[in-house]
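Quick note, the sequences are listed as chains A and B, same order. Heads up: the first sequence begins at 588 in this note's numbering, then just goes up one per residue. Heads up: the second sequence begins at 588 in this note's numbering, then just goes up one per residue. The structure appears below as structure tokens.
Number of protein chains: 2
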Amino acid sequence: MPVTSPRRTARERLLDAADELFYAEGVHTVGIDRVIEHAGVAKASLYTAFGSKDGLVRAYLQGRHRERRDRITRGLDRFGTPRDRLLGVFDLLAESASEPGFRGCAFYNAGAESDPSGVVREESTANRAWTRQLFVTLAREAGAADPEGLGRQLVVLYDGATTGARQNPGPEVPLTARRIAAMLLDTTP
Amino acid sequence: MPVTSPRRTARERLLDAADELFYAEGVHTVGIDRVIEHAGVAKASLYTAFGSKDGLVRAYLQGRHRERRDRITRGLDRFGTPRDRLLGVFDLLAESASEPGFRGCAFYNAGAESDPSGVVREESTANRAWTRQLFVTLAREAGAADPEGLGRQLVVLYDGATTGARQNPGPEVPLTARRIAAMLLDTTP
DNA sequence: GCGACACTAGACAGACCTGTCTGTTATCGT
DNA sequence: ACGATAACAGACAGGTCTGTCTAGTGTCGC
Numbered sequence: 588m589p590v591t592s593p594r595r596t597a598r599e600r601l602l603d604a605a606d607e608l609f610y611a612e613g614v615h616t617v618g619i620d621r622v623i624e625h626a627g628v629a630k631a632s633l634y635t636a637f638g639s640k641d642g643l644v645r646a647y648l649q650g651r652h653r654e655r656r657d658r659i660t661r662g663l664d665r666f667g668t669p670r671d672r673l674l675g676v677f678d679l680l681a682e683s684a685s686e687p688g689f690r691g692c693a694f695y696n697a698g699a700e701s702d703p704s705g706v707v708r709e710e711s712t713a714n715r716a717w718t719r720q721l722f723v724t725l726a727r728e729a730g731a732a733d734p735e736g737l738g739r740q741l742v743v744l745y746d747g748a749t750t751g752a753r754q755n756p757g758p759e760v761p762l763t764a765r766r767i768a769a770m771l772l773d774t775t776p
Numbered sequence: 588m589p590v591t592s593p594r595r596t597a598r599e600r601l602l603d604a605a606d607e608l609f610y611a612e613g614v615h616t617v618g619i620d621r622v623i624e625h626a627g628v629a630k631a632s633l634y635t636a637f638g639s640k641d642g643l644v645r646a647y648l649q650g651r652h653r654e655r656r657d658r659i660t661r662g663l664d665r666f667g668t669p670r671d672r673l674l675g676v677f678d679l680l681a682e683s684a685s686e687p688g689f690r691g692c693a694f695y696n697a698g699a700e701s702d703p704s705g706v707v708r709e710e711s712t713a714n715r716a717w718t719r720q721l722f723v724t725l726a727r728e729a730g731a732a733d734p735e736g737l738g739r740q741l742v743v744l745y746d747g748a749t750t751g752a753r754q755n756p757g758p759e760v761p762l763t764a765r766r767i768a769a770m771l772l773d774t775t776p
């Protein structure tokens with residue numbers, strides 16, 4: 588098999604289409620037919636690859652989680668000091684929030700109109716747990732006296748920045764959060 | 588007519604049912620039939636009173652906005668100093684977030700899975716504008732050097748607290764936001 | 001008493017949704 | 001060459017959704 592498959596598999600195209608449509612319009616609003624049409628794929632291929640719409644939604648959210656993790660961990664490499672790495676999370680959010688098509692947190696959006704039990708909840712808590720742990724770790728590396736407490740505060744800022752940027756796209760809101768985070772770092776060294 | 592009407596009108600019962608069901612399960616998830624059944628009302632009554640489901644959604648959001656405004660303005664009366672009044676907004680959120688059935692911001696939840704144009708967007712921006720103005724006013728009364736800037740920061744905290752409390756009900760997250768807000772007030776007097 | 005009005009009950013249309021099933025075509029390892 | 005596998009196209013079933021329409025019921029002012 589070649590390194591880059593000449594023909595993308597149906598599963599990949601489905602996942603790409605789902606990612607695009609689900610994020611832009613919502614997992615509930617977008618129906619199966621829209622996804623398979625956008626992917627150029629037969630309906631049976633979806634059900635052999637993912638089993639159900641729930642399975643596709645789960646794969647979509649898992650992909651969002653993995654991509655977000657990779658983007659952040661890779662993006663933080665460019666920052667030198669622990670302090671800059673911590674604040675860098677907000678810089679990266681400012682970049683994401685400036686890209687066209689930014690619509691806030693995919694997990695929150697998916698969960699807002701789904702029954703709380705089920706696929707969305709699971710993937711959402713996994714994603715949130717990772718974010719929280721990221722901030723705690725960065726706070727510890729930055730020499731915070733209470734890394735757990737500072738991590739909790741940073742999560743509030745991060746959530747607020749994401750929510751605000753959703754209604755108000757652009758880097759402004761995340762950078763406002765970044766400024767508050769910097770103040771937290773400075774006053775509790 | 589008596590002061591308290593003996594029989595609640597169909598419109599009122601519909602609005603109550605919509606408020607309960609839409610907030611708990613989402614405007615998109617809950618269908619017309621669920622609402623009229625819960626209200627004990629005929630379908631025609633809904634369409635003569637509100638014209639369409641969109642009309643009912645708009646009335647639901649307007650009611651949420653009005654109730655939230657009243658609860659906050661009334662709730663802030665118990666606080667004395669301008670500083671306490673500003674931080675009191677977070678205390679009130681902590682109380683709301685502790686009530687059973689708290690599910691975060693009704694406007695964000697409704698907007699997460701709706702097309703951006705339309706009813707939800709309009710009511711949502713109205714609600715956000717009011718919140719923002721509230722914080723700017725309170726910041727000014729508290730003697731902030733830059734009320735607009737501080738207001739923006741407080742909105743980020745408020746959004747973060749609401750979002751966090753949705754996934755993690757109880758007073759903890761709003762009180763974390765309150766602590767950060769207090770720090771902002773103290774460091775920029 | 002009576003007309004206006006608000007409301008109820010429920011059938012119905014037309015659209016859309018998920019999921020299944022049939023049958024056909026193409027590609028690939030052996 | 002050939003069987004397995006993957007993917008195609010699309011009809012179909014069964015359900016749910018919004019919104020309309022018909023027809024009947026009660027209540028209130030006058």
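Note that CB positions come from ideal geometry on N, CA and C, so glycine has one too.
What does residue i touch in chain A if you count any residue whose Cβ is under 8 Å from its own?
i       : result
I767(B) : Q740, V743, L744, I767, L771
Closer than 9 Å by beta-carbon distance: list the chain A residues that pair up with residue i, in chain order.
i       : result
H625(B) : Neighbours of H625(B) on chain A: none; closest Cβ ~17 Å, over 9 Å.
V760(B) : R739, V742, V743, D746
For a contact defined as C-beta to C-beta under 8 Å, what are the partners of residue i on chain B?
i       : result
N696(A) : A699, E700
R651(A) : The contacting residues do not exist; R651(A) stays about 15 Å from chain B at best.
V622(A) : Residues of chain B passing the Cβ test: none, with the nearest at roughly 16 Å.
By the three-class DSSP mapping on this structure, what secondary structure does residue i have?
i       : result
F689(A) : coil
H615(B) : coil
N755(B) : coil
G747(B) : helix
S683(A) : helix
T596(B) : coil
T591(B) : Caution is warranted here: a pLDDT of 44 is assigned to T591(B), below 50, making its placement in the model unreliable, and no coordinate value can be reported.
F609(A) : helix
G736(B) : helix
G784(B) : An answer regarding residue 784(B) cannot be provided, because it is not within the stretch 588 to 776 covered by chain B.
F722(B) : helix
E700(B) : coil
T774(B) : helix
F666(A) : coil
A646(B) : helix
Using only CA atoms, which one of the options lies nearest to residue i?
i       : options                            : result
L601(A) : Y610(A), E612(A), G613(A), H625(A) : H625(A)
V760(B) : D664(A), G747(A), E728(A)          : G747(A)
R661(B) : T749(B), L679(B), G627(B), R765(B) : L679(B)
G613(A) : Y634(A), A629(A), F689(A)          : F689(A)
R656(A) : R727(A), A732(A), N714(A), R645(A) : N714(A)
F609(B) : E686(B), F677(B), G650(B)          : G650(B)
T712(B) : A604(B), S701(B), Y695(B), R766(B) : Y695(B)
T635(B) : R598(B), A732(B), A769(B), L674(B) : R598(B)
P734(B) : F722(B), G757(B), I619(B), G618(B) : F722(B)
V707(B) : R727(B), D641(B), T616(B)          : D641(B)
Q740(A) : G738(B), L744(B), R739(B)          : L744(B)
L672(A) : T724(A), A699(A), A605(A)          : For clarity, residue 672(A) is Arg in the given sequence; the question names Leu instead. The residue with the shortest Cα to Cα distance from R672(A) is T724(A).
A562(A) : A768(A), L772(A), A752(A), A769(A) : No answer is possible for residue 562(A): the residues shown for chain A start at 588 and end at 776.
G698(A) : T616(B), D606(B), K630(B), A629(B) : T616(B)
Quick check on residue i - is its C-beta less than 7 Å from some C-beta in chain A?
i       : result
H615(B) : yes
G642(B) : no
G618(B) : no
T718(B) : no
G688(B) : no
G705(B) : no
A605(B) : no
T781(B) : Since the first and last residues shown for chain B are 588 and 776, residue 781(B) lies out of range.
G638(B) : no
G675(B) : no
T635(B) : no
G730(B) : no
L648(B) : no
A684(B) : no
Since residue i meets chain B, which of its residues come closer than 7 Å, beta carbon to beta carbon?
i       : result
V723(A) : Going along chain B, no residue has its Cβ under 7 Å from V723(A), so there is no contact; the nearest lies around 14 Å.
A713(A) : Residues of chain B passing the Cβ test: none, with the nearest at roughly 12 Å.
Tell me, please, whether the CB atom of residue i is closer than 7 Å to any CB atom in chain B?
i       : result
A764(A) : yes
V590(A) : Only weak support is given to the placement of V590(A): the predicted model assigns it a pLDDT of 38, under 50, and the value that follows is read from those uncertain coordinates. Judged by the 7 Å Cβ criterion, V590(A) is not in contact with chain B.
P593(A) : Interpretation of P593(A) is limited by its pLDDT of 46, a score under 50 that renders its predicted location unreliable; the figure taken from the coordinates is listed afterwards. Cβ-Cβ to chain B under 7 Å: no for P593(A).
G662(A) : no
T596(A) : no
Using a Cβ cut-off of 9 Å, pull out every chain B residue sitting near residue i, in sequence order please.
i       : result
G757(A) : Those within 9 Å of G757(A) in chain B number zero; the least Cβ separation is about 13 Å.
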